[in-house]
Amino acid sequence: MKKQIITHSPQATKALAQQIALHLKDKAVITLSGDLGAGKTTFTQGLAKGLDIKKMVSSPTFTIMKIYIGRLKLVHIDAYRLEGLHQDLGFEELIGTEGVCVIEWPDYIKDLLPQSYLEIKMTRLDEDDRLIELISHGSTYSHILEKIE
Ligand SMILES: Nc1ncnc2c1ncn2[C@@H]1O[C@H](COP(=O)(O)OP(=O)(O)O)[C@@H](O)[C@H]1O
Ligand SMILES: [Mg+2]
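First residue of the sequence shown: 43, per the working numbering; consecutive thereafter.
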């Protein structure tokens, strides 16, 4: 299942992510693709809010991974700097095993993705407009998309 939504502000993107977060269960995996500035980290901030995480989520680009504690644990991975060199970092033991795992630049760790996950593609259309494509892989995520508006 695929859904396309256009948001017109960072707040609207966060609100959408927050709505999705309310439906997420333990072991959820979400990928976020899109160019720099597309809004991947902004989206993750909304997810965090929806998971009752009080701490500010910032881009983990220089740290590769950050973990936040909320209703569920949020594991925020930015694979940008890995460029495929993820061997022996232990991500396979982390992704889809606990909490909600959000992966920016998933192309770099494609072989570690589970069969079932929510794929999100973000495109900058204009200064404040973003096309957000939500693609479900697996029935769990199709059910979530049916509830999103
Ligand atoms: N509709 C929108 N959705 C998300 N971000 C937006 C939107 N409009 C403007 N922005 C701005 O675009 C930038 C997105 O940055 P960021 O979330 O860090 O992107 P990425 O993580 O994809 O590099 C932020 O400065 C944000 O305020
Ligand atoms: Mg980012």
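The beta carbon of each residue, even a glycine, is placed where N, CA and C say it ideally should be. Computed from a predicted model, the values in this text were never measured in an experiment.
Where L89 is concerned, the enclosing alpha helix (DSSP H) starts and stops at K82 to G92. L116 is positioned such that its CB atom lies closer than 7 Å to that of L93.
Of the candidates T49, I95, R113 and S100, the residue whose Cα lies closest to the Cα of T83 is S100. Residue state for E134 is assigned as helix, using DSSP reduced to three classes.
At the C-beta level, R166 and A57 stay beyond 7 Å of one another. Taking all protein chains in view, the Cβ of R172 is crowded by 16 or more other Cβ atoms within 10 Å, so the residue is classified as buried.
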